[in-house]
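Have a look at the structure below before the remarks.
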Amino acid sequence: MKPSAKHAITGTLAVSATCLSLVTYADSVEPASKRHNETAVCSRTAFDLYAACTADIHEEYRIADANCNNIVDGSERAECRLERNEALSEGKRECIEQRRARTDLCSALGEDAYDPQIDPANFVDPLLIGDTVAPNSYFPLTPGLVRVYESGEETITVTVTDETVEIAGVSCIVVRDIVQEGDEVIEDTMDWYAQDIEGNVWYFGELALNFEDGFVTDIDGSFRAGIDRAKPGILMFAAPQVGDIYRQEFALGEAEDVAEVLSTGADESAAAASCNFACLQTRDFTPLEPGVEEYKFYAPGIGPIVEYHVDDPEDRVELISVELP
62 MKPSAKHAIT GTLAVSATCL SLVTYADSVE PASKRHNETA VCSRTAFDLY AACTADIHEE
122 YRIADANCNN IVDGSERAEC RLERNEALSE GKRECIEQRR ARTDLCSALG EDAYDPQIDP
182 ANFVDPLLIG DTVAPNSYFP LTPGLVRVYE SGEETITVTV TDETVEIAGV SCIVVRDIVQ
242 EGDEVIEDTM DWYAQDIEGN VWYFGELALN FEDGFVTDID GSFRAGIDRA KPGILMFAAP
302 QVGDIYRQEF ALGEAEDVAE VLSTGADESA AAASCNFACL QTRDFTPLEP GVEEYKFYAP
362 GIGPIVEYHV DDPEDRVELI SVELP
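Taking my numbering, the leading residue of the sequence shown gets 62, the next gets one more, and so forth.
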């Protein structure tokens, strides 16, 4: 699950110095410093996004002001303007917090531009994963794999389909992620993943449909690599190392998830699987939602089995069943 309100556990970011030592990643991503001679790219990106954020909230302020002007009732108009002012103040705080979070991330990732060089020849046929191609241990993309999770009153069904789409020249497998409350679908997401020849899983985007009362309310968080300068990220390394920190997605202002590897011998348990001190544990976060962090636990051969917000460990997403192909 991404750190936003979305409850899909698969959700699912430049790489750290520790990541750069991985031959598997270095083969796929040429260091940006060799291609780009400008300095402090990450920090300048954080500043540009801060400027964009403040411009957006002032635009929203003006639109709200225009709406308030068209309210005849005096008390209702005054309430509208109060809400307008409160929204502006909250928006300013959020812009500042996001800039601080992005700047902190630059300290962890470095100042190089994030520009992974994608060669379709370095990726496997996703329909051969689990057959002639070994799946990633912590995030298997074997067609037919079905994992079901529970989180409070929600049920999340994640299915690795046998459908593929081509994104940025790379054949990606479609993973369907459906969130339900009872019989009502509240989220229906198609995630697009690809596995390279070294076993790393890349995240090429998602189409997230969010529902309310049967109607699509938004597609927040949706992006596709290659569209509007969006770029893929690493969802799972073939051989993750403690201390790795990496971008899982890169669609500025829309999808900026990051993960950090905390342990390769973590222990957790769910109804359908247990770690037995063999799980990968990550800390997942995004500068779009400063202060919101999640722990995720991945069991070898199965994938994610447990996740929860760091500040609320009792509110858990747990694997309740798994159907192996």
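Even for Gly, the Cβ is constructed at its ideal location relative to N, Cα and C.
Quick caveat, the model's predicted, so the values are computed rather than measured.
Should residue i be labelled buried (16 or more other beta-carbon atoms within 10 Å of its own) or exposed?
i    : result
L83  : In this prediction, L83 scores a pLDDT of 36, lower than 50, which makes its location untrustworthy; the coordinate-derived value is nonetheless stated afterwards. Burial call: buried.
P293 : buried
A127 : exposed
A116 : exposed
D372 : exposed
L50  : This structure cannot settle anything about residue 50, because the visible part of the chain is limited to 62 through 386.
S198 : buried
G364 : buried
What whole-angstrom Cβ distance do residue i and residue j have, given they're in contact under 8 angstroms?
i    : j    : result
V353 : E368 : About 13 angstroms; that fails the 8 angstroms criterion.
V185 : L206 : About 16 angstroms; that fails the 8 angstroms criterion.
Y254 : L202 : 6 angstroms
A333 : L380 : 4 angstroms
D252 : V236 : 4 angstroms
L270 : E242 : Not a contact, Cβ separation roughly 15 angstroms.
CA-CA distance, residue i and residue j?
i    : j    : result
G282 : C233 : 19 angstroms
E120 : N146 : 13 angstroms
D345 : P187 : 26 angstroms
F284 : D238 : 16 angstroms
L313 : L268 : 16 angstroms
I179 : F265 : 11 angstroms
C336 : T325 : 10 angstroms
N130 : R154 : 25 angstroms
H68  : D279 : Confidence at H68 is low in this model, with a pLDDT of 42, below 50, so its placement is unreliable and the value that follows should be read with caution. Between H68 and D279, the C-alpha separation is close to 15 angstroms.
S382 : E144 : 46 angstroms
A195 : E227 : 21 angstroms
E317 : L349 : 7 angstroms
E174 : C103 : It should be pointed out that residue 174 corresponds to Ala in this sequence rather than to Glu. If I take the Cα positions, the gap works out to 6 angstroms.
D289 : G135 : 44 angstroms
V133 : V240 : 42 angstroms
E215 : D328 : 24 angstroms
D376 : L341 : 20 angstroms
Sort the options by Cα distance to residue i and report the nearest one.
i    : options                : result
A339 : P301, P351, D372, I288 : P301
G287 : A299, V231, D238       : V231
V219 : Y210, A312, Y122       : Y210
D176 : E310, A148, G135       : E310
G171 : D305, A316, L385       : D305
A229 : C114, A291, G152       : A291
T225 : C156, A139, P204       : P204
V246 : G275, W263, D223, V262 : G275
Taking 8 angstroms as the cut-off, does the segment 98-113 touch the segment 159-170 (at least 3 CB pairs, one atom from each stretch)?
yes
Is the segment 250-265 touching the segment 170-184 in the sense that three or more CB pairs, one from each, lie closer than 8 angstroms?
yes
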